[in-house]
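In what follows, a structure is listed as structure tokens, so that the remarks can point back to it.
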Amino acid sequence: RATSTRPYSNGPLLPPTYEKLYNKYSEVRRVLGARRLTLAEKILYSHLDNVQESLLSNTNNGRDIRANASLKLRPDRVNMQDASAQMALLQFMTCNLPQTAIPASIHCDHLIVGEHGADDDLSAGIKTNREVFDFLESAAKKYGIDFWPPGAGIIHQTVLENYALPGLMMLGTDSHSPNAGGLCTITIGVGGADAVEALVGAPWELKAPKIMGVKLTGTLNDWVSPKDLILHLAGLLTVRGGTGYVVEYFGPGVETLSLTGMATVCNMGAELGATTSIFPYTEASKRYLKATRREQASRNADALQSFPGAGAAEDAFFRFQADEGAQYDELIEIDLSKLEPHINGPFTPDLATPLSQFKKAVEEQQWPAELSAGLIGSCTNSSYEDMTRVESIVREAEKAGLKPKADFYITPGSEQIRATLERDGTLETFTQAGGIVLSNACGPCIGQWKRHDGVAKGTPNAILTSYNRNFRGRNDGNPETMNFLASPEIVTAMAYAGSTTFNPMTDALTTPSGASFRFPSPRGLEGPETPFEQGKQALAVLSQPPDPSVGVAISPSSERLALLEPFDPFPESDLTGLRVLVKVAGKCTTDTISAAGPWLKYKGHLPNISANTLNTAVNAETGEVNAAYDHDLDGGPEAKATIPELALRFRERGLPWLVVAEHNYGEGSAREHAALQPRYLGARIIVCKSFARIHETNLKKQGVVPLTFAEQADYNKIAAGDEVDTVGLYDMLRNGGVGEVSLRVRRRGAKDEVVTIPVRHTVSPDQARFILAGSALNLLAKGG
Ligand code: SF4
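Heads up: the sequence shown at position 282 corresponds to 373 in this note's numbering, and the numbers run straight through without jumps.
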């Protein structure tokens with residue numbers, strides 16, 4: 092045991108400490124006995140700061156851990172993408188520490204615009220964003236953080252290739268961080284404030300998730316890919332169905348999937364609202380570790396599984412899979428053999444239509460029949476398997492003399508995959524077919540897409556992508572672009588047809604010579620026959636020791652970076668005279684609260700980016716987008732404003748405010764700006780019918796209190812301009828999150844009419860402390 096449990100060294104990359112995992116897991120077993128645990132529980136509980144306290148407090152002596160225990164976790168590392176890393180690092184800097192407490196990495200991926208192709212776009216992106224990249228690089232040097240420069244790849248692909256290892260627990264400042272669950276890693280998407288907590292060495296708190304088991308049987312058919320599994324699940328569960336759950340896959344069907352396919356499924360678990368998703372460690376995982384030059388990691392994982400258990404738990408020791416007979420809170424069974432390809436959208440990832448029904452849906456819904464562009468790749472679907480499957484059908488179409496009728500874009504997820512696909516001729520196949528290879532960056536997936544195809548903003552049109560998310564305006568900033576999600580092979584075949592009604596499984600195209608052409612079933616390789624190429628990944632700066640002599644300079648005149656000022660603490664009383672800024676109708680995602688696209692460039696400058704706050708929200712009372720009314724101005728011409736303008740006016744008047752909203756407020760990405768901006772502008776509470784988990788936590792970290800209606804119909808009892816006092820909120824916070832809260836609402840224009848609305852909250856003792864301090868960071872900076 093002594094030799095094999097030592098932390099191992101794996102070149103320049105930081106490995107997991109299996110000895111720590113072994114010891115913690117032994118402790119979990121001592122506390123819980125031979126209780127049957129799911130895989131997610133094994134990994135999560137083995138990262139507890141205090142096993143006994145977390146598992147036994149408030150859990151009926153360990154019998155009801157899920158949904159009750161407050162887990163204080165010690166993640167193994169933190170990964171940050173460039174857009175969210177800016178604010179995370181600005182926050183970290185205010186704590187005055189010499190280095191991060193756990194290993195961390197920064198990935199420059201979100202700021203590169205997709206326009207002409209990889210080389211031009213990358214150099215233009217570097218030029219435009221130099222100030223930010225320099226800031227991130229200098230902070231990485233100062234604090235000893237791994238730095239992946241622009242062009243190195245998209246965070247989730249790079250993490251999968253380099254940092255994900257079975258049994259690890261990681262945090263990522265991006266909602267698709269669960270991608271690494273494909274390699275049996277618990278990875279949770281968080282906001283920058285959570286990341287900073289872990290970076291300063293504080294335990295990270297999570298309400299013990301429930302576990303949803305997805306049992307897979309059978310084998311995927313030819314045109315069906317792992318993407319279709321998650322598209323189907325999204326349709327089944329909706330964007331709220333996974334809320335509060337870890338989705339854990341098991342069953343014989345798991346063994347039939349490639350590692351990268353499992354990662355795709357976990358990546359899009361974010362579209363179910365799940366805390367994270369995870370697959371067991373399989374033979375495919377071992378093959379992937381070998382292909383990515385990490386055989387030692389595979390050997391260590393094997394070794395860990397052969398260690399004896401502690402005492403009575405001997406028979407149930409760590410096996411990177413659930414214990415036989417482990418119980419799930421929800422159980423779904425999917426026969427992979429019965430799945431068909433799916434196309435999900437537009438505007439929401441859970442509107443799932445089987446391919447065979449899609450033509451009918453297009454006609455019935457009057458979606459555009461013409462396809463304007465097909466985009467494949469991204470962090471979700473740019474694996475060797477995905478790309479070689481696409482290559483197989485592109486080759487056949489080329490042989491038949493066909494070219495894609497719609498614009499065709501390819502985004503490799505990392506330099507490693509790009510260089511390997513280049514070496515193996517796949518990229519050349521795509522470019523010869525007329526495809527445009529974009530840089531290894533997010534680009535069109537996050538609104539960073541400059542279209543030159545004459546589709547003007549506001550023009551309805553349809554695009555198909557193999558990305559993961561399709562909120563309105565997500566890709567090109569055009570709210571009328573209907574964005575459908577599908578597997579890369581379906582996207583590509585339909586790009587050849589230039590039509591949304593084409594079914595590549597049954598329909599034929601006509602070649603230039605007039606012959607009929609049917610696409611063959613896609614055939615790909617799980618991985619390259621020789622290990623992946625490294626390409627220009629050597630540009631990444633890894634495992635550097637912290638250098639306190641490095642200055643992290645931010646120009647005071649910068650429009651993109653600004654040092655942070657601490658938020659004011661909670662008043663020593665209940666809140667009084669809050670004004671309802673706006674009542675929002677329908678979906679209010681983090682994209683709605685803090686839009687991406689052109690605003691991404693202000694991520695490090697809180698005052699500047701706040702000018703986009705809620706700027707695509709729908710006013711529930713008027714149906715207008717981004718319209719709010721200053722009821723203090725008695726309907727004068729000045730009364731109408733945009734939502735951020737009115738928020739700024741309130742801030743300038745020293746008038747605290749709140750937002751009223753409907754279900755799943757803050758769904759979507761982990762974007763902490765969606766919490767920071769309202770807080771900066773003066774929001775004190777958000778009241779809605781329900782919250783998305785990450786956003787709810789983000790609000791608390793920034794000192795904004797998230798409240799939900801005890802009676803959902805009370806949404807109708809409150810309107811913009813109403814004045815609100817909280818009742819019981821201050822006492823609840825002082826009592827560590829215990830106590831009843833209600834809102835006393837004085838109706839606008841009828842101040843004598845007072846309505847009391849009972850509300851609920853999920854504030855934990857720690858969260859109560861940082862709300863009182865003004866923000867979590869205020870408390871951390873004070874050593875709290
Ligand atoms: Fe980038 Fe899109 Fe992946 Fe997010 S989902 S990391 S924006 S490629």
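Glycine is no exception: its CB is placed at the ideal position from the N, C-alpha and C atoms.
Spatial distance of residue i from residue j (CA atoms)
{"i": "D598", "j": "D426", "result": "26 Å"}
{"i": "P619", "j": "Y340", "result": "26 Å"}
{"i": "E736", "j": "A702", "result": "7 Å"}
{"i": "E54", "j": "L820", "result": "The chain is shown from 92 up to 875; residue 54 falls before or after that span and cannot be answered."}
{"i": "G273", "j": "G745", "result": "48 Å"}
{"i": "T601", "j": "G677", "result": "44 Å"}
{"i": "K791", "j": "S148", "result": "22 Å"}
{"i": "L669", "j": "D813", "result": "8 Å"}
{"i": "N869", "j": "F861", "result": "7 Å"}
{"i": "V338", "j": "P728", "result": "52 Å"}
{"i": "A443", "j": "P639", "result": "52 Å"}
{"i": "T249", "j": "I217", "result": "19 Å"}
{"i": "L446", "j": "E362", "result": "20 Å"}
{"i": "P317", "j": "L555", "result": "17 Å"}
{"i": "G244", "j": "T502", "result": "10 Å"}
{"i": "A653", "j": "V643", "result": "12 Å"}
{"i": "D265", "j": "P603", "result": "45 Å"}
{"i": "E712", "j": "K808", "result": "12 Å"}
{"i": "M261", "j": "W295", "result": "11 Å"}
{"i": "N717", "j": "A738", "result": "12 Å"}
{"i": "M596", "j": "P343", "result": "27 Å"}
Residue i - DSSP class collapsed to helix/strand/coil
{"i": "Q539", "result": "coil"}
{"i": "A708", "result": "coil"}
{"i": "P637", "result": "coil"}
{"i": "C357", "result": "helix"}
{"i": "I134", "result": "helix"}
{"i": "E405", "result": "In this prediction, E405 has a pLDDT of 49, which is less than 50 and means its spatial position is unreliable; what the coordinates show is noted afterwards. Correct three-state label for E405: helix."}
{"i": "V122", "result": "helix"}
{"i": "L876", "result": "The requested residue 876 does not occur in the structure, where the chain is confined to residues 92 to 875."}
{"i": "N574", "result": "strand"}
{"i": "P257", "result": "coil"}
{"i": "V169", "result": "strand"}
{"i": "P241", "result": "coil"}
{"i": "F610", "result": "coil"}
{"i": "I423", "result": "strand"}
{"i": "E339", "result": "strand"}
{"i": "N149", "result": "coil"}
{"i": "V315", "result": "coil"}
Proximity winner among the options, relative to residue i (alpha-carbon distances)
{"i": "M303", "options": "Y336, A872, V641, E455", "result": "Y336"}
{"i": "Q768", "options": "V641, A730, R784, L749", "result": "L749"}
{"i": "N435", "options": "A532, S578, V485", "result": "S578"}
{"i": "E222", "options": "H696, D725, T583", "result": "H696"}
{"i": "A801", "options": "L834, R775, A811", "result": "L834"}
{"i": "L691", "options": "V845, R742, P856, N220", "result": "N220"}
{"i": "G564", "options": "R542, V582, T583", "result": "R542"}
{"i": "P662", "options": "L529, S866, N358, G282", "result": "S866"}
{"i": "M178", "options": "L772, P698, A719", "result": "P698"}
{"i": "V850", "options": "K873, D659, L798", "result": "L798"}
{"i": "L328", "options": "N170, D843, M359", "result": "M359"}
{"i": "V453", "options": "G332, V546, I321, N594", "result": "N594"}
{"i": "Y693", "options": "K115, E650, T683, V169", "result": "E650"}
Proximity test, residue i beta-carbon vs the ligand MG heavy atom, cut-off 6 Å
{"i": "C533", "result": "Questions concerning the ligand MG fall outside what the structure shown contains, since the ligands it does hold are the ligand SF4."}
Residue burial classification, residue i (beta-carbon count within 10 angstroms, cutoff 16)
{"i": "D877", "result": "No answer is possible for residue 877: it lies beyond the span of the chain, which begins at 92 and ends at 875."}
{"i": "T667", "result": "exposed"}
{"i": "K490", "result": "exposed"}
{"i": "D225", "result": "exposed"}
{"i": "G873", "result": "Here residue 873 is Lys; the residue named in the question, Gly, does not match the sequence. Flag for K873 reads exposed."}
{"i": "S428", "result": "exposed"}
{"i": "R609", "result": "exposed"}
{"i": "Q881", "result": "Residue 881 lies beyond the stretch modelled for the chain, which goes from 92 to 875, so this question has no answer here."}
{"i": "D544", "result": "exposed"}
- Message: Quick check for students: name the residue ranges of the alpha helix (DSSP H) that lie wholly in the segment 172–221, counting only runs of 4 or more.
- Response: 173–184, 209–219
- Task: Pick out the complete beta strand (DSSP E) segments inside the segment 641–693, 3 residues or longer, and give them in chain order.
- Result: 669–676
- Message: Give the list of continuous beta strand (DSSP E) stretches no shorter than 3 residues that lie fully inside the segment 800–839.
- Response: 814–818, 832–837, all fully within the segment 800–839.
- Task: Note down, one range per segment and in chain order, each alpha helix (DSSP H) of at least 4 residues found wholly within the segment 491–558.
- Result: 506–514, 517–523
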